Each structure stands twice: as structure tokens, then as C-alpha cells.
Amino acid sequence: MVVDFDQLAVEDLRPRFLTRSTMARKAADAAISAAKHELINMARKHGRTVHLVHPAHTTMDCGRCGARTKHALPLSERTYTCIACGAVCPRDKNSARVMLVRAGLDPAGADHGRPDRPTAGRAA
Ligand SMILES: [Zn+2]
168 MVVDFDQLAV
178 EDLRPRFLTR
188 STMARKAADA
198 AISAAKHELI
208 NMARKHGRTV
218 HLVHPAHTTM
228 DCGRCGARTK
238 HALPLSERTY
248 TCIACGAVCP
258 RDKNSARVML
268 VRAGLDPAGA
278 DHGRPDRPTA
288 GRAA
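With my numbering applied, the sequence shown corresponds to residues 168 to 291, in that order.
Pasting the structure below:
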């Protein structure tokens, strides 16, 4: 996965399903930061850039125009429909696009009609 992309956007993720007990949370945190370090090291080795992206609202924001829906999509809803620009795409794809935009990258197909926003530190 690392070698396929020039730049990576990594969700700065703390999975909620693992946070029920303190021990599980500690283990999850350790595993996640280990994985992150590993990923960052791998990316460095290959001359890639890794962006850590805040995961909040990635399922609510439109990857095309940046509008935010008023309510999170129910998990059963697999398609994201934007009320502002009319974009329709699979929610996973939309979330991925939102993360790329937040990382300051320019995902193909999301390059117009996007409101200007401060781009998070490009570490390259
Ligand atoms: Zn939109």
C-alpha cells in the first residue's frame, strides 16, 4: 500500500470498539502508535509523505464541496449524497476523499468548487 502512492493520508484513528476497558484502550493505543510509526518509517524510506488526518466528521463532510451534513449518515446508508452540490458517491469513497482534502492533497475529481481552507502542514 505504501509504495502505490506518492503521498498517504492516514486516519488518526482511535477505534471506538476497542475502548471499552482501560486495558483494551492501552493495548489499542500502543498497537496504533506502533503501526503509525511503522507506516511513517516505511513512507520515509520510500520518500513518501504521510499526513495524519483528524478523523472527525469524515463521514459527514462532502468530499467535493466540503459541505457538512447535519446528521451523520446511518451505518446502513452506504451512499453519501451532498445536499449542497449534489455529489453522490459511496460513503467510503467520500470519506477517503474528505481525508485527502484535509491532508492538503488534491484528490482527482474534487478539484473544483472547493472552498478555500487552510491546508494542514505539508511535511515534505
Ligand atoms: Zn458537496
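A virtual CB, placed ideally from N, CA and C, is assigned to each residue, including glycine. Keep in mind the model is a prediction, meaning the values are calculated, not measured.
Tell me the DSSP bridge mates of V268? As a working mapping, residue 268 is identified with position 101 in the sequence shown. For V268, which the question treats as bridged, DSSP gives no partner whatsoever.
Could you please give the first and the last residue of the uninterrupted alpha helix (DSSP H) stretch that includes T189? Taking the sequence shown and counting its residues from 1, one reaches residue 189 at position 22. Residues 189-212.
Measure the Cβ-Cβ separation of R258 and T246 and say whether it is below 9 angstroms. Residue 258 sits at position 91 when you count from the first residue of the sequence shown. Residue 246 sits at position 79 when you count from the first residue of the sequence shown. Going by C-beta atoms, R258 is nearer than 9 angstroms to T246.
Which class does G233 belong to by DSSP, given the choice of helix, strand or coil? Along the sequence shown, read from residue 1 onward, the residue named residue 233 stands at position 66. G233: coil per DSSP, three-state reduction.
Where DSSP assigns a beta bridge to C249, which residues make up the other side? Along the sequence shown, read from residue 1 onward, the residue named residue 249 stands at position 82. According to DSSP, C249 bridges with nothing at all.
Does the Cβ of A263 lie closer than 8 angstroms to at least one heavy atom of ligand 1? Position 96 of the sequence shown, counted from the first residue, corresponds to residue 263. Result no, Cβ not under 8 angstroms from ligand 1.
To which residues does DSSP link P257 through a beta bridge? Taking the sequence shown and counting its residues from 1, the one referred to as residue 257 is at position 90. T246, per the DSSP bridge assignment.
Cβ shell of T248 (< 7 angstroms), same chain only, five flanking positions each side left out: As a first step, residue 248 is located in the sequence shown; it is residue number 81 there, counting from the start. Cβ within range, chain order: V255.
With a threshold of 16 other CB atoms inside 10 Å of the CB of T225, please say whether the residue is buried or exposed. Position 58 of the sequence shown holds residue 225. Residue burial annotation: T225 is buried, with at least 16 other C-beta atoms found within 10 angstroms of its C-beta.
Would M190 be called buried (16 or more neighbouring beta carbons within 10 Å of its own) or exposed? In the sequence shown, counting from the first residue as 1, residue 190 sits at position 23. When all chains shown are included, M190 counts as exposed.
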